[in-house]
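Q:
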Amino acid sequence: MKIIEKPADWPADEATAIAVQDELRTRVVLDEPGPPPSSGLVTGVDVAYDDERDVVAAAAVVLDAVTLDVVEEATAVGRVAFPYVPGLLAFREIPTVMAALASLTRDPGLVVCDGYGRAHPRRFGLAAHLGVLTGLPVIGVAKNPFVFTHAELGPRRGDVAALLADDGEEVGRALRTQDGVKPVYVSVGHRTGLDNACAHILALTPRYRLPESTRRADRLCRRALIEATA
DNA sequence: GCGACAG
DNA sequence: ATCTTGTCGC
Numbered sequence: 001m002k003i004i005e006k007p008a009d010w011p012a013d014e015a016t017a018i019a020v021q022d023e024l025r026t027r028v029v030l031d032e033p034g035p036p037p038s039s040g041l042v043t044g045v046d047v048a049y050d051d052e053r054d055v056v057a058a059a060a061v062v063l064d065a066v067t068l069d070v071v072e073e074a075t076a077v078g079r080v081a082f083p084y085v086p087g088l089l090a091f092r093e094i095p096t097v098m099a100a101l102a103s104l105t106r107d108p109g110l111v112v113c114d115g116y117g118r119a120h121p122r123r124f125g126l127a128a129h130l131g132v133l134t135g136l137p138v139i140g141v142a143k144n145p146f147v148f149t150h151a152e153l154g155p156r157r158g159d160v161a162a163l164l165a166d167d168g169e170e171v172g173r174a175l176r177t178q179d180g181v182k183p184v185y186v187s188v189g190h191r192t193g194l195d196n197a198c199a200h201i202l203a204l205t206p207r208y209r210l211p212e213s214t215r216r217a218d219r220l221c222r223r224a225l226i227e228a229t230a
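The first sequence begins at 1 in UniProt numbering and counts up one residue at a time.
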């Protein structure tokens, strides 16, 4: 399979990457509610790394939002496009993620990715970045609160608490997806509302803490990395 | 000034 | 993200 290289104009240092974020962030659309939950298609994306070989594998798995059945899968393998810097995660993996999305034969519908959208130091995390570059509705789901804080939330599935920035803005939501488990952190990326995003994530977590979409994508990209590395 | 810090 | 054994629990 072809190796996805980073674009020729890809940022080479942190200062340039931050400048790119500050330019692209103006194109995020936040006033659309997005697709209603439990309808249409939902596509999970995830990546796996082999830092030794500088390789990243991305997977996109399309699910039927009602049955959660897999409708289509796609993978792409690329070169790691940027070092890991908190706040600049998107620059590592976006070219390869976009290649995986582009090789799908149908519209991905709503995209769910690991990490953050608006819950980001400059309000432009991976989910927002991916949304602006693809034009698709995207939401971000992370496993920890990063630099943000939230009040304690109830112990039951569906309980929520606002994820707050220093200035008091609600940049996302801590959402309990199963009774008694650690919450996940949901934030909108592009062309979706926070209420809708949380409803989608609840619909995608009938059994486990993490959405079915990311669990499927996680397994697939790990498999793709092993096959590409072998 | 020094850490901490999505994946 | 990734490196990794056993262990607790449904």
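The beta-carbon is built from N, C-alpha and C at its ideal position, and this holds for glycine as well. Given the structure is predicted, the values throughout are model-derived calculations rather than measurements.
Roughly how many angstroms separate the alpha carbons of P155 and V184, rounded to a whole number?
A: Those two C-alpha atoms are separated by around 13 Å.
Q: Applying the criterion that 16 or more other CB atoms from any shown protein chain within 10 Å of the CB defines a buried residue, is D167 buried or exposed?
A: D167 comes out exposed.
Q: Looking only at its own chain, which residues have a Cβ that is under 6 Å from the Cβ of M1, when we skip the five neighbours before and after it?
A: Result list for M1: V77, in chain order.
Q: State the Cα-Cα distance for the pair residue 277 and L136, rounded to the nearest angstrom.
A: Missing from the structure shown is residue 277; the chain here goes from 1 to 230 and no further.
Q: When the Cα atoms are used, what is the spatial distance from R53 to V70?
A: Those two C-alpha atoms are separated by around 31 Å.
Q: On the three-state DSSP scale, how would you describe A162?
A: The answer is strand: DSSP assigns A162 an E or B state.
Q: By the 10 Å Cβ neighbour count, where 16 or more other Cβ atoms means buried, how is P83 classified, buried or exposed?
A: Classification for P83: exposed.
Q: Closest to A59 by CA distance: which of L225, L163 and T229 is it?
A: The candidate whose alpha carbon is nearest that of A59 is L225.
Q: Would you kindly work out how many angstroms separate the C-alpha atoms of A142 and D22, rounded to a whole number?
A: About 22 Å.
Q: What does the alpha-carbon distance come out to for the pair residue 256 and R106?
A: Outside the displayed range of the chain (1 to 230) lies residue 256, so it cannot be described from this structure.
Q: Less than 8 Å between the beta carbons of G34 and R223, yes or no?
A: Taking 8 Å as the Cβ cut-off, G34 and R223 do not qualify as a contacting pair.
Q: Considering just the uninterrupted stretch of the beta strand (DSSP E) at T43, what are its terminal residues?
A: Looking at the DSSP string, the run of the beta strand (DSSP E) that includes T43 is L41 to D50.
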